[in-house]
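K.L.:
Take 1 as the starting number for the sequence shown in full-length UniProt numbering and just add one per residue.
Using N, Cα and C, we set each Cβ at its ideal position, and we do this for glycine too.
Keep in mind it's a predicted model, so treat the numbers as computed, not measured.
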Amino acid sequence: MEDLVVELFDDVVVEDDFDLLWDEPRVPREIMDLQNLEADPSSVQSYELTVPTDANYADRLGLALQRCSTIQSIDLNFAEWTKWGALEVMNFLEQSTSLQEITFRAPYAQANMTVMRTLSSLLEAVAVNSNANIQSLSLMDVPFQGKNVSPLCQILTETKTIRRWNLSFSEPVLQLSSFDMDRMADAFANNNNTLEELNFGSFSNSAISVLFAALSKKCPSTLQRLRFRHPHGRRMDLEIKGGLEQFLMSSECHLERLELEQINLDMEHSQGLLRGLLGNKTLDMLQLVQCQFTHEPHLAQLLSDMTQPRRLQLVLLSNSNNNNNNSMNVIGALQRNTCITHCKLIGLQHSSSCCGHALEQVLTHNRSIRHLQLYWDSSTAHNNHDEEDDDDDDEDEEDAGQANAEEMRLIANGLRVNPILQSLTLHNFGVRLDEEAMGHLASALQASIGRNNQPDYSLLDLSLESSPVSDQSLAMLAKALCKPGCRLRSLFVELEEAPSAFYKKGIVKLFESLAVNQSLESLQIGHDNEQQGLDPHVLQSMARALHGATKIQKLTLNVGFDSEEVWRSSSRSVVRFIYAAWLAALAGNTSLHSVQFATVMYDHLSVDDKEFWKAVSFFGLRNRLLTRLRSDQEILSVAESKSLTASMVLEELKTHRPWTLPSWRIESDPAYHALTELSLFYLCLRLLPHLLTGQGLYG
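1. Going by other Cβ atoms of all chains shown within 10 Å of its Cβ, with 16 needed for buried, is Thr-53 buried or exposed?
2. Taking its Cβ as the centre, do 16 or more other Cβ atoms sit within 10 Å of Leu-255, making it buried, or is it exposed?
3. Going by DSSP in three states, Gln-246 sits in which element: helix, strand or coil?
4. Taking the beta carbon of residue 750 as the centre, do at least 16 other beta carbons fall within 10 Å, making it buried, or is it exposed?
5. What are the start and end residues of the alpha helix (DSSP H) that includes Asp-141?
6. Residues in its own chain within less than 6 Å of Gln-540 by CB, not counting five upstream and five downstream?
7. Do you know offhand how far Lys-479's Cα is from Ala-442's?
8. Out of Ala-214, Phe-577, Asn-199 and Ala-444, which one is the CA nearest neighbour of Gly-414?
9. Would you tell me roughly how many angstroms separate the C-alpha atoms of Leu-303 and Ser-168, rounded to the nearest one?
10. How do the region 176-185 and the region 217-233 stand: do at least 3 beta-carbon pairs fall below 8 Å, yes or no?
11. Using a threshold of 8 Å, state whether the C-beta atoms of Val-315 and Leu-288 are closer than that.
12. Where does Trp-376 land, buried or exposed, given buried means 16+ other C-beta within 10 angstroms?
13. Within the same chain, show all residues whose beta-carbon is closer than 6 Å to that of Gln-290, passing over the 5 residues directly before and after it, in chain order.
14. Less than 8 Å separating the beta-carbons of Leu-488 and Leu-520?
15. Put Gly-201 into one of helix, strand or coil per three-state DSSP.
16. Hey, which unbroken runs of the alpha helix (DSSP H) at 4 residues or more fall wholly within the region 224-307?
17. Which residue from Ala-584, Pro-28, Asn-589 and Gly-430 puts its Cα closest to that of Tyr-57?
18. What first and last residue would you give for the beta strand (DSSP E) that runs through Tyr-47?
19. When you compare only the Cα positions, how much space is there between Thr-223 and Leu-211?
20. Note down the Cα distance separating residue 701 from Thr-118, rounded to an integer number of angstroms.
21. Can you tell me whether Glu-496 is buried or exposed, with buried defined as 16 or more other CB within 10 angstroms of its CB?
22. Within this structure, are the beta carbons of Leu-592 and Gln-553 separated by less than 8 Å?
23. Should Arg-657 go down as buried or exposed, given a rule of 16 or more other Cβ atoms within 10 Å for buried?
24. With DSSP as the reference, label Ser-164 as helix, strand or coil.
25. With 16 as the cutoff for other CB atoms within 10 Å, does His-440 come out buried or exposed?
26. What distance in whole Å lies between the Cβ atoms of Gly-560 and Glu-465, which are believed to be in contact at a cut-off of 8 Å?
27. Which residue marks the beginning of the beta strand (DSSP E) containing Asp-461, and which one marks its end?
28. Find the nearest neighbour of Asn-192 within the set Lys-160, Phe-179 and Trp-165, judged by alpha-carbon distance.
29. Could you have a look at Trp-659 and say whether DSSP puts it in helix, strand or coil?
30. What residues match up with Glu-494 in a beta bridge as DSSP calls it?
31. Under the DSSP definition of a beta bridge, which residues are partnered with Tyr-375?
32. In terms of residues, what are the limits of the alpha helix (DSSP H) holding Phe-92?
33. Please report the Cβ distance between Gln-45 and Gln-72, rounded to the nearest whole angstrom; I am assuming they are in contact, meaning their Cβ atoms lie under 8 Å.
34. If distances are taken between C-alpha atoms only, which option among Asp-75, Ser-43, Ala-358 and Leu-265 comes closest to Ile-411?
35. Could you tell me the boundaries of the beta strand (DSSP E) in which Ser-73 lies?
36. Let me know if Arg-234 comes out buried or exposed under the rule of 16 or more other beta-carbons within 10 Å of its beta-carbon.
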């Protein structure tokens, strides 16, 4: 026995000092990043240093960066550097021609003379580089004083490439004199017409007022985006009355986008925001993210009365005890708005039918909103319940279904009488859309038939993202698609968990409706977990239904396959079974331009998959070519009357005829490089006589 034990352990190597295996010092990440940069500087495009380091590190970093000719972005924490210790970094900043984005940060650093001098020297190095191509400069959590004003102004007035400024000061310019604030304001006003975006984090209201008072008199015509957001997600008080209000109303303002995130506005400054927006003539997008209006009716008045921005994104406060009433008042105000065409509401409450009633009123009375995106707060979803309350699950689910159905009924009532809404997104509308809720929605997809036997109006784009639809609900949706009044162009539906167990007939009926529907061009079926797929036979039936489809152009199936059969046979044999069904379907379909499956459906190294995607590429290109030919009778007659040779194809490509196909790709095609676009194009033209008659399919 002892001999056996010795024999078994003959090959085992015992370390003399076993503790060394566990006590080996860990190399800090910033040191490893620096070593990698020093070893191969030519392959680095960005470098991030978020922790404080010493002067020796700065010296090594600067020397390594000087050898890097490809770097485009740097993010440097200079909190513990000195002016002389960072000399090599400054030499790099003075010489670099590839650098496009710079971020300087010094969180928790004291506003001492060393930090101030280092920041000034770094900014001066950027300013003196006349060959720089810097497009974005960010100062994040840096202490800022009068000593830093001069180099900042020099960059603003002399650098001709910077488009975006991000300013967030740890001590928000409280110690700047009025003279220094005037200098900064003049520098922004006299920018070389390159400034496109301004982002303010922690910044004093006195400086904001002075800055925008100057910009209201003279402002770069390129400034299009203005954003106020604390870098650490904290709430900020913003004084709008005065400088910012004057700027919004001035003829110098060319803003297209204004974003306020987690801003506190009292009565005086919310009125200033309203006056500024009423006097503005250029704003296209207004984004309010969890802003606190101390006088709540002012937000409703703002949404009701403003006349300029066409796009609104509103994220409602999630921590308000009276959030549901706030949501109802805010949404209700939109029914009187006459300028907003794109509206995105985030944080809607499911706690009662108040939200549904408000949405019904907006859809009934508003005549400007054409694109509406509604995002419900998942914590208030009707179907949500605690896992511990298993005894009450059935009763809770029944109540939730009734609440969902009632809210959908109210939304559908508004849709039926709305003549202008084109797209609707219902995101996180409960955990599951059952038949009753879908019945209300499906009935609203059918427009009334007016004069000349044409539908008066109906929704064009519908997305039910994160709102899983049952199989029975899909069947109801399919029935609506078959109605002559349905004009949907795109549809996104999401499946619930374990689709192989629940989806049988309804999803097949949805595909069968494509043979009747004459408007749907894009269908996307989503699912969070690709491993929980559909039964392979259901996928086969879905493919067969595509034979008669004549309008659908884009099909996306973000779902794989799953069933007991998969466990009884190899998954590859199931894939071949599915591929055969879909190849037969694609061969007989002449409308699909793009087909995409979940990544779990294919292996980039598999020969079967390469052949499958090569065939998918061919069919897509064939259908695009046929669509193009059918739209041009002259080209079609030429193609039918004579045989096109390779030389003729090349001649057409050289002369850039309008009917030449544009660059075309299928993102999920691993074998695309095996067949160039030209060879596919030529192949289609050679087979053209057969393609026009439905013969000569890919073999």
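P.N.:
With the structure as the only source:
1. Taking the first residue of the sequence shown as position 1, residue 53 is located at position 53. Looking at its Cβ environment, which holds 16 or more other Cβ atoms inside 10 Å, Thr-53 is buried.
2. If you number the sequence shown from 1, residue 255 lands on position 255. Buried, because 16 or more other Cβ atoms sit within 10 Å of the Cβ of Leu-255.
3. Reading the sequence shown from its first residue, position 246 is the one you call residue 246. In this structure, Gln-246 counts as helix in the three-state DSSP scheme.
4. Nothing can be reported for residue 750, as the shown portion of the chain is limited to 1 through 699.
5. For the purposes of this step, residue 141 is identified with residue 141 of the sequence shown, where counting begins at 1. Taken as a continuous stretch (DSSP letters only), Asp-141 belongs to no alpha helix (DSSP H), being part of the beta strand (DSSP E) at 136-143.
6. In the sequence shown, the residue the question calls residue 540 occupies position 540. Hits under 6 Å: Ala-581.
7. Working through the sequence shown from its first residue, we reach residue 479 at position 479. Working through the sequence shown from its first residue, we reach residue 442 at position 442. Those two C-alpha atoms are separated by around 8 Å.
8. Position 414 of the sequence shown, counted from the first residue, corresponds to residue 414. Per the C-alpha coordinates, the member of Ala-214, Phe-577, Asn-199 and Ala-444 positioned closest to Gly-414 is Ala-444.
9. As a working mapping, residue 303 is identified with position 303 in the sequence shown. As a working mapping, residue 168 is identified with position 168 in the sequence shown. Cα-Cα distance, rounded: 29 Å.
10. no
11. As a working mapping, residue 315 is identified with position 315 in the sequence shown. As a working mapping, residue 288 is identified with position 288 in the sequence shown. Yes, these two residues count as a Cβ contact at 8 Å.
12. Counting from one through the sequence shown, the residue named residue 376 turns up at place 376. The residue in question, Trp-376, is buried, as its Cβ has 16 or more Cβ neighbours within 10 Å.
13. Looking up residue 290 in the sequence shown gives position 290. Once the five neighbours on either side are set aside, the close Cβ partners of Gln-290 are Gln-262, Val-315 and Leu-317.
14. The count along the sequence shown starts at 1 and reaches residue 488 at position 488. The count along the sequence shown starts at 1 and reaches residue 520 at position 520. Result yes, Cβ atoms of Leu-488 and Leu-520 sit closer than 8 Å.
15. For the purposes of this step, residue 201 is taken as residue 201 along the sequence shown, with counting starting at 1. Gly-201 falls in the coil class under three-state DSSP.
16. 243-249, 267-279 and 297-305
17. Locating residue 57 in the sequence shown gives position 57, where the first residue counts as 1. Of Ala-584, Pro-28, Asn-589 and Gly-430, the residue nearest in Cα terms is Pro-28.
18. Within the sequence shown, residue 47 is the residue found at index 47, counting from 1. Taken as a continuous stretch (DSSP letters only), the beta strand (DSSP E) holding Tyr-47 covers 46-49.
19. Along the sequence shown, read from residue 1 onward, the residue named residue 223 stands at position 223. Along the sequence shown, read from residue 1 onward, the residue named residue 211 stands at position 211. The amino acid at residue 223 is misidentified as Thr; the sequence shows Leu. Approximately 14 Å, taken between the alpha carbons.
20. The chain is shown only over 1 to 699; residue 701 falls outside these bounds and no answer can be derived.
21. Taking the sequence shown and counting its residues from 1, one reaches residue 496 at position 496. Per the 10 Å Cβ criterion, buried.
22. Position 592 of the sequence shown, counting from 1, holds the residue named residue 592. Position 553 of the sequence shown, counting from 1, holds the residue named residue 553. The Cβ atoms of Leu-592 and Gln-553 lie closer than 8 Å to each other.
23. Mapped onto the sequence shown, residue 657 falls at position 657. With a pLDDT of 37 at Arg-657, under the threshold of 50, the predicted position of this residue should be treated as unreliable, though the coordinate-derived value follows. When all chains shown are included, Arg-657 counts as exposed.
24. Counted from its first residue, the sequence shown places residue 164 at position 164. Per the sequence shown, residue 164 should be read as Arg rather than Ser. DSSP places Arg-164 within a strand segment (E or B) once states are collapsed to three.
25. As a first step, residue 440 must be located in the sequence shown, where it is residue number 440. The residue in question, His-440, is buried, as its Cβ has 16 or more Cβ neighbours within 10 Å.
26. Reading the sequence shown from its first residue, position 465 is the one you call residue 465. Reading the sequence shown from its first residue, position 560 is the one you call residue 560. Contact flag wrong, Cβ pair sits at about 19 Å.
27. For the purposes of this step, residue 461 is taken as the residue at position 461 of the sequence shown. Element bounds for Asp-461: 461-463.
28. Working through the sequence shown from its first residue, we reach residue 192 at position 192. When Lys-160, Phe-179 and Trp-165 are compared, the shortest CA-CA separation from Asn-192 is found for Lys-160.
29. Within the sequence shown, the letter at position 659 stands for residue 659. Legend: pLDDT at Trp-659 = 33, less than 50; position of this residue unreliable, no value from coordinates given.
30. Counted from its first residue, the sequence shown places residue 494 at position 494. Glu-494 pairs with Gly-526.
31. Counting from 1 along the sequence shown, the entry for residue 375 is found at position 375. Ile-346 and His-427.
32. Stepping through the sequence shown from its first residue, residue 92 is reached at position 92. It spans 87-95 - the alpha helix (DSSP H) in which Phe-92 sits, taken as one unbroken run.
33. Counting from 1 along the sequence shown, the entry for residue 45 is found at position 45. Counting from 1 along the sequence shown, the entry for residue 72 is found at position 72. So it is a contact: roughly 5 Å between Cβ atoms.
34. As a position in the sequence shown, residue 411 is number 411, starting the count at 1. Nearest of Asp-75, Ser-43, Ala-358 and Leu-265 to Ile-411, Cα basis: Ala-358.
35. Within the sequence shown, numbered from 1, the residue matching residue 73 stands at position 73. Note, Ser-73: beta strand (DSSP E), 73-77.
36. As a first step, residue 234 must be located in the sequence shown, where it is residue number 234. Classification of Arg-234: exposed, given that the 10 Å Cβ count is below 16.
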